[in-house]
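Heads up, the thing below is written out as structure tokens.
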Amino acid sequence: MAGNYVFMMFNIYRVGVCTSTQDIGRRLAEEGWSEGTVVIADKMTSGRGRLGREWVADEGGLWMTIILRPKVLSSLQLINLVAGLSVVEGIRKLYEVPLKLKWPNDVVLSGRKLCGILCEGKFGGNVFDYILLGIGINVNNRLREDLKDTAISLKDYLGFEVDLQSLLTEVLKSFSNYYAALLTGDVNGIVNRWRRYSITIGRRVKVIMPDGIITGTAIDIDVDGSLIVETYEGITKVYCGDVVHLIHD
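Just so you know, we're using this note's numbering here: the sequence shown kicks off at 55 and counts up by one.
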């Protein structure tokens, strides 16, 4: 991706324990806090992921919500792509770890979930009044026993504690760069970069959507962030849904 677009100024709003950084972010956004406000919590008691799923967010992880106010943006899914890339490349600035991206918004390490992303927006007229970008990274937090088959932390993988402030700095620097590229129209560069880390493209998948389930092969990511799936009936573009990677049909 050509160019260095770093421009965003971040205003850090730290809290100890809260229900969810998304809840605080929404309140601050409604109060008029500016783009680039980052809510960071030590622990969340009611963290949530996509589709209202529980997200366990104990001390030691990096739990944050970024308030965005893009003047022009057509797809929340593009923000998901930018966020995933920012986490992967922010971490890789510090540690050489084999991170991958699973559509739409999971960062995966050794086949287990390292990071989840939640993107919620409020429209004002024909544009977003604000977007709340929630990012939760398992860093030094202890994972519950029932999650260890599907989730992983950086500490578990590396074998030592990670400096949270350094990690935050690198993720935000990477996000600022990609977000600026998005707003200046370099969507192809972002999508091409995302493809490099994808573990979804080329896989047989089952996609669970609000209006049904399809099975096919994920063949690409479109420039609007949607997943292109080839089924027996033809080509389908998926804008939202749960993707299950299949070993066989």
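Heads up, the beta-carbon is just placed ideally off N, CA and C, and yes, glycines get one too. Please read all numbers here as calculations on a predicted model, not as lab measurements.
With respect to residue 120, residue 92 sits close: the two C-beta atoms are nearer than 7 Å. Looking from the CA of residue 155, the closest CA among 293, 137, 148, 149 belongs to 137. The segment 70–81 and the segment 139–152 do not touch, with fewer than three beta-carbon pairs separated by less than 8 Å.
Assignment of residue 117 by DSSP, reduced to helix, strand and coil, places it in the strand class.
Here residue 63 is exposed. Its C-beta has fewer than 16 other C-beta atoms within 10 Å. By the Cβ rule, the segment 207–226 counts as touching the segment 139–150, because three or more pairs are nearer than 8 Å. In chain order, 204, 205, 206 place their CB closer than 7 Å to the CB of residue 166, counting only its own chain and leaving out the 5 sequence neighbours on each side.
Beta bridge pairing from DSSP links residue 156 with 160.
The DSSP-derived three-state label of residue 145 is helix.
Beta-bridge partners of residue 72 (DSSP): 98.
Taking every protein chain shown into account, the CB of residue 298 has fewer than 16 other CB atoms within 10 angstroms, so this residue is exposed.
Inside the segment 211–268, DSSP marks whole alpha helix (DSSP H) runs of 4 or more residues at positions 218–237, 241–251, from first to last along the chain.
When DSSP reads this structure, residue 296 sits in a beta bridge with 262. For residue 134, the three-state secondary structure derived from DSSP is helix.
Annotation: the continuous beta strand (DSSP E) that includes residue 170 extends over 166–178.
For residue 89, the secondary structure class from DSSP, reduced to helix, strand or coil, is coil. Burial of residue 270 is indicated by the presence of at least 16 other C-beta atoms within 10 angstroms of its C-beta. The three-state reading of DSSP puts residue 279 in coil, since its state is none of H, G, I, E or B.
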